[in-house]
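Those protein sequences? They're chains A and B, same order as listed.
Numbered according to my numbering, the first sequence spans residues 2 to 115.
Numbered according to my numbering, the second sequence spans residues 1085 to 1199.
Quick reminder that beta carbons are idealized off the backbone N, C-alpha and C, glycines included.
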Amino acid sequence: AQSVTQLGSHVSVSEGALVLLRCNYSSSVPPYLFWYVQYPNQGLQLLLKYTTGATLVKGINGFEAEFKKSETSFHLTKPSAHMSDAAEYFCAVRRTDSWGKLQFGAGTQVVVTP
Amino acid sequence: EAQVTQNPRYLITVTGKKLTVTCSQNMNHEYMSWYRQDPGLGLRQIYYSMNVEVTDKGDVPEGYKVSRKEKRNFPLILESPSPNQTSLYFCASSLLGTSGNNEQFFGPGTRLTVL
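Structural data, given as structure tokens:
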């Protein structure tokens, strides 16, 4: 069975500070990994995705994520938070042997304070 | 404009009254999927479709039906809605390609309340 765990349902960061959102997956085989962002009253949009062979993945809006197979993690970071980063962030995994199913973490709400 | 559209965007209904939420995409995507979003639970997959006439269950299919008669449309049917199906529903689509890491494009969501 596969699951996705996001540590922390709410994160508060100061403008200009580091943003770190944690995601761990449980799977015997490294799955396809994604981070999505949801702005208030909107659908989800892709921030970045893991591509085999590249452990550090760069996405939109200055976000990046590091894949660590040994830790089964795919944590999302941004060096300097901006007010516009306030949103909910979801980690998602898709099994490599069953592309149809996509599982999301519970989400992390990011609040950015001036 | 490439997009996924859902209708209606908001719906209040009563227990047991059949309803359909439509989803349409104009990107010629093979893959389409339905999710429900509930606080503290993230998004959970209801059903997905790999192509026309090919559908399969996600993690929470009970109480829902889908059909995929055309490539662009993937309606979600609640034959006898119950209050525990009150939720925010999202439709998504993507290309299938040769790997499973294609981006999914999401619709704007349908907020359903079942009284």
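Pick from the options that is closest to residue i, judged by C-alpha positions
{"i": "B:Ile1161", "options": "B:Thr1099, B:Leu1103, B:Gly1142, B:Thr1197", "result": "B:Leu1103"}
{"i": "B:Phe1174", "options": "B:Asn1185, B:Phe1189, B:Leu1180", "result": "B:Phe1189"}
{"i": "A:Val58", "options": "A:Ala93, A:Leu34, A:Arg23", "result": "A:Leu34"}
{"i": "A:Ser13", "options": "A:Tyr51, A:His83, A:Phe105", "result": "A:His83"}
{"i": "A:Leu8", "options": "A:Leu19, A:Lys69, A:Arg23", "result": "A:Arg23"}
{"i": "A:Trp100", "options": "B:Gly1124, B:Val1105, B:Gly1142, B:Thr1106", "result": "B:Gly1142"}
{"i": "B:Leu1127", "options": "B:Ala1176, B:Asn1186, B:Glu1187", "result": "B:Ala1176"}
Close-in-space but distant-in-sequence residues of the same chain around residue i (CB under 6 Å, 5 per side omitted)
{"i": "B:Glu1163", "result": "Lys1102"}
{"i": "B:Leu1180", "result": "Glu1114, Tyr1115"}
Cβ shell of residue i (< 7 Å), same chain only, five flanking positions each side left out
{"i": "B:Pro1192", "result": "Gln1090, Arg1093"}
{"i": "A:Pro31", "result": "Lys70"}
Residue i: first and last residue of the uninterrupted beta strand (DSSP E) it sits in
{"i": "A:Arg23", "result": "20 to 27"}
{"i": "B:Asn1091", "result": "1088 to 1091"}
{"i": "A:Ala87", "result": "First-last for A:Ala87: undefined, no H or E at that position."}
{"i": "A:His11", "result": "11 to 15"}
{"i": "A:Gly108", "result": "First-last for A:Gly108: undefined, no H or E at that position."}
{"i": "B:Arg1195", "result": "1194 to 1198"}
{"i": "A:Thr78", "result": "74 to 79"}
Sequence-distant residues of the same chain with beta carbon closer than 8 Å to residue i, five excluded per side
{"i": "B:Thr1097", "result": "Leu1103, Pro1165, Leu1196, Thr1197, Val1198, Leu1199"}
{"i": "B:Val1138", "result": "Arg1152"}
{"i": "A:Thr52", "result": "Val58"}
Beta-bridge pairing of residue i - partner residues as DSSP gives them
{"i": "B:Ile1161", "result": "B:Thr1104, B:Lys1149"}
{"i": "A:Ser4", "result": "A:Ser27"}
{"i": "B:Trp1118", "result": "B:Tyr1131, B:Cys1175"}
Exercise for the section: With 9 Å as the limit, tell me which residues of the region 99 to 113 of chain A have their beta carbon closer than that to any beta carbon of chain B; keep them in chain order. Expected result: Ser99, Trp100, Gly101, Lys102, Leu103, Gln104, Phe105, Gly106, Ala107, Gly108
Exercise for the section: Select from the region 41 to 54 of chain A all residues with a C-beta closer than 9 Å to any C-beta belonging to chain B, and list them in chain order. Expected result: Asn42, Gln43, Gly44, Leu45, Gln46, Leu47, Lys50, Tyr51, Thr52, Thr53
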